[in-house]
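In order, the protein sequences belong to chains A and B.
Going by this note's numbering, the first sequence opens with residue 48, and the numbers climb by one from there.
Going by this note's numbering, the second sequence opens with residue 48, and the numbers climb by one from there.
These notes concern the structure reproduced below.
Protein chains: 2
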Amino acid sequence: MSAALDQTVASAVDALASLEALDARVDLLRGVADTLDEAAGTLVPVAERETGLGVARLTGEVGRTSFQLRLMADVVADGTVFDARIDHACATWPPAPRPDLRRASLAIGPVVVFAAGNFPFAFSVAGGDTASAWAAGCPVVLKAHPGHPELSRLVAELIRRVAAEIAPGALGLIESEEDGRGAVCHPEIRAGAFTGSLAGGRALFDLACARAEPIPFFAEMGSINPVFVTPAAAARRANEIAGGFADSFTLGCGQFCTKPGLVVVPESFDRQLLLDALANRSGGRLLTAGIAEAYARGLEALSRTDGAELLVAGTRDGLEFTPSLVLSSLAAVLEHPESLMSECFGPVSVVASYRQTDELLAFATQLEGQLTATIHAEEDDAELAGELVRRLSPKAGRVAFNGWPTGVAVTSAMQHGGPYPATTAPGTTSVGTAAVERFVRPVTFQDIPDALLPPPLQESNPWNIVRRVDGKLAEAKVVSA
Amino acid sequence: MSAALDQTVASAVDALASLEALDARVDLLRGVADTLDEAAGTLVPVAERETGLGVARLTGEVGRTSFQLRLMADVVADGTVFDARIDHACATWPPAPRPDLRRASLAIGPVVVFAAGNFPFAFSVAGGDTASAWAAGCPVVLKAHPGHPELSRLVAELIRRVAAEIAPGALGLIESEEDGRGAVCHPEIRAGAFTGSLAGGRALFDLACARAEPIPFFAEMGSINPVFVTPAAAARRANEIAGGFADSFTLGCGQFCTKPGLVVVPESFDRQLLLDALANRSGGRLLTAGIAEAYARGLEALSRTDGAELLVAGTRDGLEFTPSLVLSSLAAVLEHPESLMSECFGPVSVVASYRQTDELLAFATQLEGQLTATIHAEEDDAELAGELVRRLSPKAGRVAFNGWPTGVAVTSAMQHGGPYPATTAPGTTSVGTAAVERFVRPVTFQDIPDALLPPPLQESNPWNIVRRVDGKLAEAKVVSA
């Protein structure tokens, strides 16, 4: 373990006490949000140079990032994150004597976060995992993504300035793969979060589980995000579906974990509509040379798969690629899942045809875990659509209808997760307010004198937070500012 | 994998659909509770013959078990378990278009539960893990504990009768270690829960993590549950503390995971009080021959540890043991944690003395994860007590004050868990209503037509459950019965 890593973790440990306070967390989250918004003009050009994702997209992403930070500040401010429960003497077992029990969700401890390459703001240094860890009161050791090192350092420096007065060790930046693995294995690190590839996520998850003291490791590893088009939807909206599909899988040059990588359509679906939808699409730049090489290999594998045909063969110029499209059948997909159902990160997708809706339903049942599954249907085939919803909800973190999976809304009702291999922790989400639940650890205080309790559990409710008292939800007092 | 196990798991898979319904879960939980209460007169004698825990204790434990089942039925009935969230078009990112998002916690899938030996009712076939899995909608494959096989079969048969009309595969019983490991590795099993030893829990956790598709594995593996006695408490209440301590560590013949295995007292603490408290205590029977042998080996190791003295040497008669007590110093405990800080399941505890309160605080900081930590203090040393609360809350699932850790109340404010090695999942509890959270998986439904949504998310709220709608908690309608 490097001495630098050890120092970074030690600073994170030191920051734990400062981040116990509600105000400190709120100030940190809102302060970083404000600072990011102010610095967008400086940061976006650096991000554009390093990632090529485009100024418009990157500017929007800064807005999403500061929105996420402020949303997390809100669930700290109202006390949701503490999930405070006070049972004075409610019905319990044993019947008597009844202890005074108070339970609050406290910080799990310092967290290591592995930044994603495809969201240089929203899932990077000041991104969703960092925001939810801070909301939980956890300092973050942030492993920067090698795709945008300068941006990572700039954002870390901005955070350091905000954190200096609040909790200096709230964020520490590490950059090498070795330090990343070292952090996962560091005895003072109590949880990990990751967004990236299946191979990378699984390797780190295995490290976390094999520790002398295992720690929870929340890896979001992507999926193929299948889209199911019913016969009635294809009959009524084939053109619209072809267009929406082309928009969705080429968005961000196909570099979203929710990219629809497989669309299942009736055999009658007109391939010309797909060709038209992709005609004259300009290409985009992939994030890194490594991603470009992996993408080129994936395309090659797809084009050589029995029963698959490259309907549109995209062109390459360095890191720039125009979209590609593969045509196949559902039967071939089931026969060659190693290529046709494997995530190929970049602007390509597979259109697979089925003959009968039975095939469609059987396929839904056989799917492995997905971040999302999408259904296009019409009232005429509501029964089929209902059966698809039933079969897909055990398979995916989110089931969408007559839309596209890209574009993950940040709300309290969002679930961005799913069964393995979409994630390593199917009960959790990395987007939305529930993301904070990954980083808390509930503690019950039994008969502790009021003055010695943490503030969320003191009888007078000094932080004015929402609590569940004797089974009833007690909303916080509304205080005029 | 045995064909019988495969069949048991297949029945569990079949039961998933039936357990989707709120009514089915409530009927199952309340039905089993009623049946257990009715059958107590038949079951307790069998339990007594197999475990020797005593008729009074076992009768009380049936009451706890049916209480747990009914409490879980209540959190299903009011809809808490679904954690339903509906965002029609609330503030979100991206700003527009705003999708209709609805999120509910659904069953994670079939669960394997490893029964505990020390709670033949409350943490066995119809125990807390089974109740919380059912509340979440998960069928259970139950690995019986070898310490009470006949009782396990009787309870399983009672459950089968209740479940026959509701969800026939809601419980399947397996008995061999091989089937237990097979269930953890079975592709259709989606989570596991365990109560028992560190070695056993860790081995199963490792299996669960090493699967091709890893699953969450919630092992509760016990701890030494240290008790800290401050100088003022010792000065004022030494006699009461000695008595309470003797009661607590000998309760159930020392076979509780919350047994205080180490009490830290000032050097001045009068050892005669401990001798008096233990004088003429009758012994008790340990649960199994295996536990008795492990206990005898543990006692032997304790008595041979440098710096430790066997103040009271208990006697043995077959499986029957009278209590033993070890005297030591905090310095010796730190030097020989392999014996003095290792859980010794049975009626023994270690009393370790400190010279200065600095030692006490340093020890609190060095502790590994515990289910509980307890403080005995007085107003005179409130500052010391406050510092102990601060240092112990990151180490234990529950911090108790001027009481004893045995006796775990079953309420919404209970946390029975803790950092490793107390458990493998520090964010979860195995006692109290929050235990259900281990077995759910949230799913978001985006723009799904109302009729195709699962009932907890339909606009009309057909199950009349509590939900969070556009950020505001909407309590269920009160319906007169």
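Where a beta carbon is used, it is the ideal one built from N, C-alpha and C, also for glycine.
Note that the structure is predicted; figures quoted are calculated from it, not measured.
With a threshold of 7 Å between beta carbons, F410(B) makes no contact with chain A.
At a cut-off of 7 Å between beta carbons, M268(A) makes no contact with chain B. Linking G393(A) to G184(A) through their CA atoms gives a straight-line distance of about 36 Å.
Where L320(B) is concerned, the enclosing alpha helix (DSSP H) starts and stops at R318 to L325. In the structure shown, E267(B) adopts extended strand secondary structure according to DSSP, grouped into three states. S400(B) and F316(B) have their C-alpha atoms roughly 8 Å apart. Using a 10 angstroms sphere on the CB of A293(B), the tally of other CB atoms reaches 16 or more, which defines it as buried.
Of the residues assessed, L322(A) falls on the exposed side of the cut-off, its CB having fewer than 16 other CB atoms within 10 angstroms. For E260(B), the nearest CB of chain A lies under 7 Å from its own CB, placing it at the interface with that chain.
Using beta-carbon distances, S477(A) does not count as an interface residue toward chain B, since no partner is under 7 Å. In the DSSP annotation of this structure, R258(B) is not part of any beta strand (DSSP E), being labelled neither H nor E.
Residue-level contact by beta carbon fails for I213(A) and chain B, as no gap is shorter than 7 Å.
At least one beta carbon of chain A lies nearer than 7 Å to the beta carbon of G433(B). For the pair of segments examined, the region 57 to 69 of chain A was found to touch the region 203 to 217 of chain A: the number of CB pairs separated by less than 8 Å reaches three.
Cβ-Cβ distances below 7 Å link A432(B) to T277, I422 and A424 in the same chain, with the five nearest sequence neighbours on each side left out; the list follows chain order. Under the Cβ criterion of 7 Å, G450(A) is counted among the residues facing chain B.
Using a Cβ distance threshold of 7 Å, L334(B) and V397(B) do not count as a contacting pair. Non-local C-beta neighbours of L118(B) in its own chain, meaning closer than 7 Å and more than five positions away in sequence, comprise V457 and T480, ordered along the chain. If only complete runs of 3 or more residues are kept, the region 411 to 475 of chain A shows the beta strand (DSSP E) at 417 to 423 and 443 to 448, in order along the chain. Here A124(B) is near V73(B), since their CB atoms are less than 7 Å apart. Listed by position along chain A, the residues whose Cβ is nearer than 8 Å to that of G156(B) are P441. Closest in C-alpha terms to D53(A), from the list L205(A), Q319(A) and C232(A), comes C232(A). Taking one beta carbon from each stretch, the region 442 to 456 of chain A and the region 487 to 494 of chain B have 3 or more pairs nearer than 8 Å; the two touch. Around the Cβ of V102(B), a 10 Å sphere holds fewer than 16 other Cβ atoms; the residue is exposed.
Judged by beta-carbon spacing, L418(A) lies beyond the 7 Å limit of S179(A), meaning their Cβ atoms are not closer than that value.
Counting only unbroken stretches of 4 or more residues, the alpha helix (DSSP H) elements lying wholly within the region 287 to 347 of chain A are 318 to 325, in sequence order. Per the C-alpha coordinates, the member of G345(A), V311(A) and D364(A) positioned closest to G330(A) is D364(A).
For the region 374 to 388 of chain B, the beta-carbon criterion of a distance under 8 Å to any beta-carbon of chain A is satisfied by none of its residues. DSSP lists S152(B) as the beta-bridge partner residues of P489(B). Between the C-alpha atoms of R514(A) and V128(A) there is a straight-line separation of about 10 Å.
If you look at E356(B), you'll find it in the beta strand (DSSP E) that goes E356 to V359.
Under the three-state reduction of DSSP output, E367(B) falls in the strand class. Around L414(A), the same chain offers P273 and K442 as residues with beta carbons nearer than 7 Å, after the five sequence neighbours per side are excluded. Cβ proximity to chain B below 9 Å picks out nothing from the region 74 to 106 of chain A. For R149(B), the nearest CB of chain A lies under 7 Å from its own CB, placing it at the interface with that chain. Chain B has no Cβ within less than 7 Å of the Cβ of R117(A).
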